[in-house]
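Down below is the structure, laid out as structure tokens.
Residue numbers (full-length UniProt numbering): 1 to 539.
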């Protein structure tokens, strides 16, 4: 069926969106290449013991974080799967979605409020250790924070994999009187084993590109990753040659991980929804029930503890005074405006790519996809290869020779955050648009409706909720981002995460706790709204 016009406006819009993404990433690479060509000897001299130590620590902490997140998640997911009517199961799964919504800097504050030198557990940990509790800065703090963020994600993804086991297998196992161990070996483990590489690869990817957690909890040069080293090389040491070398190495590592994820079929943006708990035909014995209950409760306490500590610390701050500070009001307004613009731009670019992909797929009768169709389908996913701090570093180096980089900081923050949120926005928008196109494509062709009139009259009624979902996710991600603003922020441009980091750096911990509570609640509300909108669309 030939459905497109020679100059389909959807294809034109998608091409423009692709060009914008290519310009952003290409400009970052251009900045790195120009800087490297300007001082090639300096870039080569950066390959020293410090560089290899940072690279080794980057891989080591990511590997440890992945093991500590995924291995317990296997048992917690199985426990939740074995007890579909566990008391509060739905609430637990919703609580496990909260770390996905929290900005990393808010999660770091919650970890410090609970396990830090002055945290709620400091007295207990001091009594256990027999001496003053030194805190958790360094590798231990990084690992705890990464497990807090990624254990719930891995649990939900593995539980989702277990829900794909056909009911017939459970029915047959029940008829054969199969116990827990053979059921795990013959039914559950093959499913978990198939999903495990993708889940572990996704968690490894998140940990190897972790910037905010390492920046706030790293605790010094011995606990520094490549992304933090890039930030330090530009903002503190101003060593562009070293920054170029570090950035290229970070890109190489990330590219290898993303390629591995693509081969494993991993979902690089996760999923916020889970299907209804299926009926189970095998009942758990008393010993297994006790063990599974203990696993679920321990995981629940580990995840809920930092969140409760963050709320308690935030409520202990002088919120009234903070709300009256000009700096806080200005940072809140700046965050809201930049996040709003980034979300609008992200949704517009994502919708353009989704429409173009659909138009090109309908136009193609048979045969392989064209390069343009492939780019509209997967182009946004390639932004995951280049983390925000890397894009910011490239543009920082490129623009510093032609203009004041801090003068154009708002543009960079908006554009980078918008592009980095595109994979999430596309995931929300694409199913709704494809379904609407399936219903209305032939009618629009027969009536000659295209362009703005088609979007306003035909597509918009079906896309309002998906667009709102993508918008809420993109705005939440942009509000909590610290990667780009850490490079381009200044006294004249401060967002809430930037101000929160500044208050932490000046040891104003109570102010930081109050700001973290405000930022966390806003981002959580946005993600919950996106989840509600997404569920409404599915129903």
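Quick reminder that beta carbons are idealized off the backbone N, C-alpha and C, glycines included.
A quick note: this is a predicted structure, and the numbers were derived from the prediction, not measured.
Does DSSP put residue i in a helix, in a strand, or in coil?
i, result
"residue 319", "helix"
"residue 493", "strand"
"residue 165", "coil"
"residue 420", "helix"
"residue 255", "helix"
"residue 541", "Only positions 1 to 539 of the chain appear in this structure, which leaves residue 541 out of reach."
"residue 50", "helix"
"residue 363", "helix"
"residue 44", "helix"
"residue 526", "helix"
"residue 438", "helix"
"residue 464", "helix"
"residue 387", "coil"
"residue 405", "coil"
"residue 325", "coil"
"residue 184", "helix"
"residue 511", "helix"
"residue 178", "coil"
"residue 216", "helix"
"residue 285", "coil"
"residue 239", "coil"
"residue 148", "helix"
"residue 506", "coil"
"residue 471", "helix"
"residue 532", "helix"
"residue 211", "coil"
"residue 427", "helix"
"residue 400", "coil"
Given that a residue counts as buried once 16 or more other Cβ atoms are within 10 Å of its Cβ, and exposed if not, what is residue i?
i, result
"residue 292", "buried"
"residue 460", "exposed"
"residue 133", "buried"
"residue 90", "exposed"
"residue 552", "Examination of residue 552 is not possible in this model, given that the chain is present from 1 through 539 alone."
"residue 507", "exposed"
"residue 464", "exposed"
"residue 49", "exposed"
"residue 432", "buried"
"residue 376", "buried"
"residue 19", "exposed"
"residue 250", "buried"
"residue 442", "exposed"
"residue 276", "Residue confidence is low: residue 276 scores 45 on pLDDT, short of 50, so the model does not pin down where it sits. No coordinate-derived value is stated."
"residue 341", "buried"
"residue 186", "exposed"
"residue 181", "exposed"
"residue 272", "Caution applies to residue 272, whose pLDDT of 46 falls short of 50 and renders its modelled position unreliable; the value that the coordinates give is listed next. Buried, because 16 or more other Cβ atoms sit within 10 Å of the Cβ of residue 272."
Can you name the start and end residues of the alpha helix (DSSP H) that residue i belongs to?
i, result
"residue 133", "Taken as a continuous stretch (DSSP letters only), residue 133 belongs to no alpha helix (DSSP H), as it is neither H nor E."
"residue 448", "Residue 448 -> no alpha helix (DSSP H), and no H or E assigned at all."
"residue 29", "9–38"
"residue 228", "226–235"
"residue 481", "Per DSSP, residue 481 belongs to no alpha helix (DSSP H) and is neither H nor E."
"residue 223", "Neither: residue 223 is in no alpha helix (DSSP H) and is coded neither H nor E."
"residue 378", "371–378"
"residue 191", "189–208"
With 9 angstroms as the threshold, decide whether the Cβ of residue i is near any Cβ in chain C.
i, result
"residue 507", "No chain C appears in this structure, which consists of one protein chain only."
Inside the region 67–117 only - alpha helix (DSSP H) runs reaching at least 4 residues: Qualifying alpha helix (DSSP H) stretches, in chain order: 89–101, 104–115.
Flag this pair as touching only if the region 451–463 and the region 482–491 have three or more C-beta atom pairs under 8 angstroms; answer yes or no. With the cut-off at 8 angstroms, the region 451–463 and the region 482–491 do not touch.
Give a yes or no on contact between the region 159–171 and the region 307–322, applying the rule of three or more CB pairs nearer than 8 angstroms. Counting C-beta pairs closer than 8 angstroms gives fewer than three between the region 159–171 and the region 307–322, which falls short of the contact rule.
Does the contact criterion of 3 or more C-beta pairs under 8 angstroms hold for the region 38–58 versus the region 220–231? Yes: the two stretches touch, three or more of their Cβ pairs being nearer than 8 angstroms.
Between the region 302–314 and the region 110–127, do at least 3 Cβ pairs fall closer than 8 angstroms? Verdict: yes, contact present.
Count the C-beta pairs between the region 386–402 and the region 19–32 that are closer than 8 angstroms, then say yes if the count reaches three, no if not. The region 386–402 is in contact with the region 19–32.
Answer yes if the region 201–212 comes into contact with the region 252–263, meaning at least three C-beta pairs across the two stretches below 8 angstroms, and no otherwise. Result yes; three or more Cβ-Cβ pairs closer than 8 angstroms.
Indicate whether the contact test is met: 3 or more Cβ pairs, each with one atom in the region 518–534 and one in the region 464–476, closer than 8 angstroms. Contact holds: three or more Cβ-Cβ distances are below 8 angstroms.
So does the region 133–147 actually touch the region 174–188, counting three or more Cβ pairs closer than 8 angstroms? Per the Cβ contact rule, the region 133–147 is not in contact with the region 174–188 (fewer than 3 Cβ pairs under 8 angstroms).
Is the region 341–360 touching the region 412–430, taking contact as three or more C-beta pairs under 8 angstroms? Result yes; three or more Cβ-Cβ pairs closer than 8 angstroms.
Should the region 143–155 be called in touch with the region 60–73, which here means at least 3 C-beta pairs below 8 angstroms? With the cut-off at 8 angstroms, the region 143–155 and the region 60–73 touch.
Validate contact between the region 480–489 and the region 102–109 using beta carbons, cut 8 angstroms, 3 pairs: Yes: at least three Cβ pairs fall under 8 angstroms.
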